[in-house]
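Novice:
Numbering (mature numbering (1 follows the signal peptide of the UniProt record, and there is no 0)), first residue to last: -21 to -1, 1 to 148.
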């Protein structure tokens, strides 16, 4: 009985009090994007004239996932005067559903070739990482593009088992 009491007391002294959860030190310092969709409008009257980008993203280090959506342009319109400019750049990033995430477009050649920078504010710091080109050449196995006779085009990269990986600092 004395042995059991000493063993129990020793076990309790090994439990730290006021312990704080800390992220794993070996956690990958990357974002994962299993799905991204870019859209360019047709320019037909009455339709939204802006290009858009939306994607699902996970900060692997914090295991936080959110949806992001942003518009840029105008890309195509049928009015004599262009609609108001919607930049989606470093000075005008889009917030994601989780407002601790944001992103902007660094390069836009078309729906089938663009790049983004993603940021995630966490624990008083910011994880920020630029993507490489989000295009067919880079993601052949999971890239799908379609364009309609009306003029709209969209491109999707979807691969849950082999997501887009963006290292961050």
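Where is the CB? At the ideal position from N, CA and C, for every residue including glycine.
Identify, in the order they occur along the chain, each residue of the same chain with its Cβ nearer than 6 Å to the Cβ of residue 94, setting aside the five sequence neighbours on each side.
Specialist: 85, 86, 110, 112.
Novice: Nearest CA to the CA of residue 40: which residue from 92, 15, 100, 58?
Specialist: Nearest of 92, 15, 100, 58 to residue 40, Cα basis: 100.
Novice: Please identify the residue among 114, 124, 18, 68 whose C-alpha is closest to the C-alpha of residue 83.
Specialist: The shortest Cα separation from residue 83 among 114, 124, 18, 68 belongs to 68.
Novice: Who does residue 50 pair with in a DSSP beta bridge?
Specialist: In DSSP, residue 50 forms a bridge with 31.
Novice: Is the separation between the beta-carbon of residue 31 and that of residue 131 shorter than 8 Å?
Specialist: Cβ distance not < 8 Å, so residue 31 and residue 131 don't count as in contact.
Novice: Near residue 66, what residues of its chain come up, given a Cβ to Cβ distance below 7 Å and the 5 sequence neighbours on each side ignored?
Specialist: Result list for residue 66: 51, in chain order.
Novice: What do you get for residue 49, buried or exposed, if any count of 16 or more other CB atoms within 10 angstroms of its CB means buried?
Specialist: The residue is buried, with at least 16 neighbouring Cβ atoms inside 10 Å.
Novice: Is it true that the CB of residue 21 sits closer than 8 Å to the CB of residue 73?
Specialist: No, the pair does not count as a contact, with Cβ atoms beyond the cut-off.
Novice: With H, G and I counted as helix, E and B as strand and the rest as coil, what does DSSP make of residue 118?
Specialist: Of the three classes helix, strand and coil, the one that applies to residue 118 here is coil, per DSSP.
Novice: List in chain order: all unbroken beta strand (DSSP E) runs of 3+ residues lying wholly within the region 66 to 100.
Specialist: You should have 80 to 89.
Novice: Please list, in chain order, all residues of the same chain as residue 76 whose beta carbon is under 7 Å from its beta carbon, the five residues on each side excluded.
Specialist: These residues qualify, in order along the chain: 45, 46.
Novice: So, are the CB atoms of residue 9 and residue 97 less than 8 Å apart?
Specialist: No, these two residues do not count as a Cβ contact at 8 Å.
Novice: Hey, how far is the Cα of residue 90 from the Cα of residue 104?
Specialist: So the two alpha carbons sit approximately 32 Å from each other.
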